[in-house]
Structures are given as C-alpha cells and as structure tokens.
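To keep things clear, I will list the structure first and then write my remarks on it.
Numbering (UniProt numbering), first residue to last: 1 to 260.
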C-alpha cells in the first residue's frame, strides 16, 4: 500500500480525488510501478512520455488518426519513442477519455485512474485537471472488461525505417513517417485538394508556343540571300492567270485593283 498511499488510497479509503497537479502525483507512481500498465489517453504531446513514463510490457491506446496527427493533437515522435521503448501502441479514432489501469503479478494491489488529462506539457503545467484514483476490485474489473481499454485488432505497427503506422481495423487511415519531418509535410499536403495530372498535361498542350519557337512559313528560294527570281516568276504567272488585279509584293500574290 506504500505506492497507493502517495495517491491518497489507504486501507480505509478506496477512492481518492486528484486535482490541480494531476501528473505531479501520477508520474512518480507510474515511474516506480513494477508491473504492466494499460493506458487510454486521447492525445499525447511532445513530452507525453515524460508525463506518462511507460516501459516495455505496457500498452497505450491513443487517437493516432490522420486528423489527430495533422491537427498536432497527437505527436508522432512521442509515439515513436514509446515504440522504441517496447510499448505496445494502439489507435482508436475519436477516443476522448483518460484511463490508466495499473496491474501487478504480485506485490502491490492494482489501481485505476479516470480523469480528464492528456499526456502533454500543456496539461501538466497550464490546464486545471482532475482525476479519480481507486483500487476497488469491482471498478477495476469493469475497466478491464470495458470497451475503452479493449484494443484487439487495432495495434499500430511500425516497420523498419519508420514507415507509416497503420490501424488494422481502419487500414485506410495513415499516420505519417514518424522518423522525419517529411512525413508531417506530406500529411499537410494530403489535406490539400489534389491536382489532376490530366488537367495539367492538357493545359500544357493548350499553352501557346513562344513566337521564336513557333513554326514559321518558309518560301523556297534559289538563293539564301534573295527571293527575287521566285517572286518574279510568281508575278508573271499571276499576270497570265489573273486579270484586273495588281501584284502585291507583301502578300506575293495578285490582289483586286481598288478604283479611286
């Protein structure tokens, strides 16, 4: 009962209320806990693993959906650090609860925490949070069997080189690359409306060519420096075929005479 005494639980009290500095009371107990911890935290910040120091054998259920990561509500780098520490990660979109179930194979009695806090520095230092702590066997059993801490078929998998995390239940939802900032940039790009490749290629084809590159009509010449012989022959041919017309040097053909 020594650890539970720090949370206000005694032999005469099975429920205790934590206010104000919730993480200031919970973090030291979780850090010293010798056993497994299953936590459901809606969102985690960049210091989430400081407020909630989970280790190998523990499980975390969090909203790691695309919406939560793109909105900076869940920090993917914190998830990666937990993963490297051996914590089993699970994603539950629309999760909006804070439950921590601490169990031990022997020694300390299990306890349950239900509250409002997220695992973040903002929650620890700015927000006014509250949480109930209990070692009631009945409540612990309900939490263990309840839907909030149920995480089958929702495990997040992180492949080598930190490829995207997937939710096995919702395979279409992606979490960006956790090892680089490029994943966050790609996530922000995915929120934009896609550009049609077909439209782009069509617009390029319809774009007018520069004047210097557009094909110019060429007139065959006998000499690269003068077109007079061809022009003279054209004039002679037009005069034999056209009557009442005058030769246009600019147009190189016969034009109707204009009577003044």
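Built from N, CA and C at the ideal position, the CB exists for glycine as well. On a predicted model such as this, the values are computed, not experimentally measured, just so you know.
Residue closest to residue i, alpha-carbon to alpha-carbon, out of the options
| i | options | result |
| --- | --- | --- |
| residue 74 | 59, 136, 91 | 91 |
| residue 48 | 150, 89, 121, 10 | 121 |
| residue 68 | 41, 82, 3 | 41 |
| residue 79 | 23, 61, 26, 2 | 61 |
| residue 66 | 45, 93, 150 | 93 |
| residue 147 | 111, 138, 99 | 99 |
| residue 13 | 142, 137, 143 | 137 |
| residue 106 | 125, 36, 116, 115 | 36 |
| residue 22 | 135, 125, 144 | 125 |
| residue 84 | 54, 95, 96 | 54 |
| residue 103 | 6, 8, 33 | 33 |
| residue 144 | 119, 29, 59, 116 | 59 |
| residue 44 | 9, 82, 30 | 82 |
| residue 63 | 142, 119, 25, 2 | 119 |
| residue 30 | 115, 20, 123, 6 | 6 |
| residue 116 | 19, 9, 87, 46 | 19 |
Which residues DSSP lists as bridging residue i, in chain order
| i | result |
| --- | --- |
| residue 16 | 133 |
| residue 112 | 101, 134 |
| residue 60 | 39, 89 |
Helix, strand or coil at residue i according to DSSP, with G and I counted as helix
| i | result |
| --- | --- |
| residue 47 | coil |
| residue 78 | helix |
| residue 68 | helix |
| residue 124 | helix |
| residue 117 | coil |
| residue 10 | strand |
| residue 147 | coil |
| residue 23 | helix |
| residue 284 | Lying before the first or after the last residue shown, residue 284 is absent from the chain, which here runs from 1 to 260. |
| residue 4 | helix |
| residue 192 | Residue placement at residue 192 is poorly supported in this model, since its pLDDT is 29, which falls under 50; the coordinates are not used for a value here. |
| residue 139 | helix |
| residue 94 | coil |
Nearest-angstrom Cβ-Cβ length linking residue i and residue j, presumed shorter than 8 Å
| i | j | result |
| --- | --- | --- |
| residue 4 | residue 109 | 7 Å |
| residue 112 | residue 38 | Contact doesn't hold; Cβ gap of about 10 Å is too wide. |
| residue 27 | residue 51 | 6 Å |
| residue 140 | residue 101 | 7 Å |
Practice task
Inspect the CB distances between the region 130-140 and the region 58-75 and report whether three or more fall short of 8 Å.
Solution key: no
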